[in-house]
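Q:
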Amino acid sequence: MELDAKPPVEGRNFRFTILGGIGTTRITMRLNGKVVHDSDCPDPPCHEEMRIPAGEGGAELVVIAKDSAGMVLERKFIVGRTEGQAGGFMSA
397 MELDAKPPVE GRNFRFTILG GIGTTRITMR LNGKVVHDSD CPDPPCHEEM RIPAGEGGAE
457 LVVIAKDSAG MVLERKFIVG RTEGQAGGFM SA
């Protein structure tokens with residue numbers, strides 16, 4: 397199996413495709429260890445989309461896909477920050 401995606405960014409939709417799965421593919425997404433998406437895709441290729449909440453820049457996002465044949469794909473991402481959210485300190 398393969399995962400095709402651009403890196404996730406906070407406050408934006410994260411779109412990805414799981415390719416090469418056999419039969420029903422279970423897709424689970426965890427953001428900093430918490431399950432934020434869990435669904436079955438009955439007919440691969442699987443096209444998934446989820447909004448990454450604002451303020452999650454730097455968080456670890458894990459996508460796990462398991463197909464009917466028992467193949468497992470796990471891919472980890474670090475959520476990108478939007479411009480203006482990259483850190484730093486300002487005072488007035």
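For the sequence shown, position 7 matches number 403 in the working numbering, and the numbering has no gaps at all. For glycine and all other residues, C-beta sits at the position ideal for the given N, C-alpha and C.
#1: Assign D439 to buried or exposed, taking buried as 16 or more other Cβ atoms, counted over all protein chains shown, within 10 Å of its Cβ.
#2: Check whether the Cβ atoms of G457 and L427 lie closer than 8 Å to each other.
#3: Let me know if I418 comes out buried or exposed under the rule of 16 or more other beta-carbons within 10 Å of its beta-carbon.
#4: I think E406 touches R471, with their Cβ atoms under 8 Å apart; what is that distance to the nearest whole Å?
#5: Quick check on V475: does DSSP put it in helix, strand or coil?
#6: Provide the residue(s) that pair with N409 in DSSP beta bridges, ordered along the chain.
#7: Using only alpha-carbon positions, find the residue among P404, G466, L399 and R422 that is nearest to M446.
#8: Could you tell me which residues DSSP pairs with I460 in its beta bridges?
#9: Taking the straight line between their C-alpha atoms, what separation do you get for I423 and I460?
A: So, to answer that:
#1: With a 10 Å radius around the Cβ and a threshold of 16 neighbouring Cβ atoms, D439 comes out exposed.
#2: Here residue 457 turns out to be Leu, not Gly, going by the sequence shown. In contact: L457 and L427 (Cβ atoms closer than 8 Å).
#3: exposed
#4: Contact doesn't hold; Cβ gap of about 18 Å is too wide.
#5: coil
#6: R447
#7: P404
#8: T424 and E470
#9: Pairing I423 with I460, the inter-Cα distance amounts to about 6 Å.
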